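Residue numbers (the working numbering), protein chains in the order written: chain A, 8 to 121; chain B, 8 to 121. Below is one structure, written out as structure tokens; comments come after it.
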DNA sequence: ATAATAGGCAACCTTTTCGTTGCTCTTTCT
DNA sequence: AGAAAGAGCAACGAAAAGGTTGCCTATTAT
């Protein structure tokens with residue numbers, strides 16, 4: 008078995024911003040509303056929330072900076088839609104983490120059994 | 008096609024804490040170090056970082072509260088090890104999101120083509 | 001033309017987060 | 001026994017996050 012202990016397979020840093028953007032209940036529920044597929048306006052997304060429109064706007068901007076969402080203006084409203092690529096990236100990241108983890112476990116098992 | 012528009016498939020809230028815990032570059036790199044499999048002490052995890060031991064400790068406690076990591080004391084050192092279940096949960100969450108997304112896309116496609 | 005709706009921008013406040021320093025305690029090494 | 005290493009606790013400060021209010025502009029509806 009090749010033991011490449013000098014290098015870590017899982018990269019740091021890059022995904023922190025995406026994780027952070029999803030690390031808030033309000034934003035997570037915005038994502039939930041948007042993953043229905045249809046673009047929604049800020050007012051629409053504000054309806055049913057206890058927060059003000061401006062608060063929702065700020066959350067949407069955070070999601071936008073993390074590129075989880077993009078917006079475009081039509082007439083007097085700005086619509087937001089989901090951008091699923093970063094989520095896929097996160098999924099891949101988590102896959103790598105658990106792959107490395109499983110590998111570590113089987114190494115451990117092999118070590119114990121030898 | 009059954010259109011269950013009244014309920015959202017993707018749940019909010021529950022995963023926010025886990026996402027938030029991973030939403031920091033320092034903590035992400037701690038996870039990276041830990042997913043090698045071997046439990047590491049606080050001092051070990053501090054070595055090579057520009058931060059103080061206490062800063063690292065705090066980050067570890069955050070990861071612990073999110074149940075991404077657990078700790079146990081042996082002698083004078085407390086060791087931390089990864090707990091991969093929450094990561095799996097996140098992966099499942101992201102799967103649900105992208106499943107719903109794909110579904111929305113195909114609904115849209117069907118609508119456009121009809 | 002006016003009123004109503006949708007948003008942007010800026011100031012402001014409060015709470016969390018991130019990191020530090022200083023001190024104490026326990027365990028291990030010599 | 002004494003020194004060194006590992007860690008816990010508490011106080012503190014700076015900065016960021018989350019939210020609000022007030023006001024102004026642009027678009028749509030009546």
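Don't be surprised by glycine CBs; every beta carbon is placed ideally from N, CA and C. On a predicted model such as this, the values are computed, not experimentally measured, just so you know.
Contacts of residue i in chain B (Cβ-Cβ under 8 Å)
i, result
"residue 77 of chain A", "Per Cβ cutoff of 8 Å: no residues; residue 77 of chain A is ~14 Å from chain B at best."
"residue 117 of chain A", "The contacting residues do not exist; residue 117 of chain A stays about 12 Å from chain B at best."
For residue j and residue i, the rounded distance between their alpha carbons
i, j, result
"residue 51 of chain B", "residue 65 of chain B", "15 Å"
"residue 73 of chain A", "residue 62 of chain A", "17 Å"
"residue 30 of chain A", "residue 100 of chain A", "16 Å"
"residue 92 of chain A", "residue 25 of chain A", "11 Å"
"residue 90 of chain B", "residue 109 of chain A", "12 Å"
"residue 55 of chain A", "residue 80 of chain A", "22 Å"
"residue 70 of chain B", "residue 46 of chain B", "14 Å"
"residue 12 of chain A", "residue 43 of chain B", "Confidence is the limiting factor: at residue 12 of chain A the pLDDT is only 45, short of 50, which leaves the residue's position unreliable, though a coordinate-based value still follows. Distance between the alpha carbons of residue 12 of chain A and residue 43 of chain B: 9 Å."
"residue 166 of chain A", "residue 107 of chain A", "With chain A covering only 8 through 121, there is no way to say anything about residue 166 of chain A."
"residue 53 of chain A", "residue 60 of chain A", "6 Å"
"residue 77 of chain A", "residue 33 of chain B", "28 Å"
"residue 114 of chain A", "residue 103 of chain B", "31 Å"
Where residue i meets chain A, residues with beta-carbon distance less than 7 Å
i, result
"residue 26 of chain B", "26, 29 and 30"
Sub-8 Å separation of residue i and residue j beta-carbons
i, j, result
"residue 58 of chain A", "residue 87 of chain A", "no"
"residue 94 of chain B", "residue 85 of chain A", "no"
"residue 112 of chain A", "residue 67 of chain A", "no"
"residue 7 of chain A", "residue 27 of chain B", "Since the first residue shown for chain A is 8 and the last is 121, residue 7 of chain A is missing from the structure and cannot be characterised."
Contact list for residue i against chain B, beta-carbon separation under 9 Å
i, result
"residue 85 of chain A", "Within chain B, no residue comes near residue 85 of chain A; the closest Cβ sits about 20 Å away, beyond 9 Å."
"residue 114 of chain A", "44"
"residue 67 of chain A", "Near residue 67 of chain A there are no residues of chain B at all, since even the closest Cβ is about 15 Å away, more than 9 Å."
Selection from the options that minimises the alpha carbon distance to residue i
i, options, result
"residue 7 of chain B", "B:48, B:83, B:60 and B:97", "Since the first residue of chain B shown is 8 and the last is 121, residue 7 of chain B is not available in this structure."
"residue 35 of chain B", "A:28, A:67 and A:23", "A:23"
"residue 82 of chain A", "A:117, A:48 and A:103", "A:48"
Chain-ordered neighbours of residue i on chain A, where CB pairs are closer than 9 Å
i, result
"residue 107 of chain B", "39, 42, 43 and 44"
Neighbouring residues, chain A, relative to residue i (Cβ below 8 Å)
i, result
"residue 97 of chain B", "97 and 101"
"residue 58 of chain B", "Going along chain A, no residue has its Cβ under 8 Å from residue 58 of chain B, so there is no contact; the nearest lies around 14 Å."
Practice problem: Just list the beta strand (DSSP E) runs in the region 73 to 105 of chain B, keeping only unbroken ones of 3 residues or longer that don't cross its boundaries, in chain order. | Solution: Annotation note: the region 73 to 105 of chain B contains the following uninterrupted beta strand (DSSP E) runs of length 3 or greater, listed N- to C-terminal: 76 to 81 and 84 to 89.
Quiz item: Whole alpha helix (DSSP H) runs in the region 14 to 62 of chain A with 4 or more residues, listed along the chain?
Solution: Those alpha helix (DSSP H) runs which fall completely within the region 14 to 62 of chain A and span 4+ residues are 23 to 29, 32 to 41 and 49 to 53.
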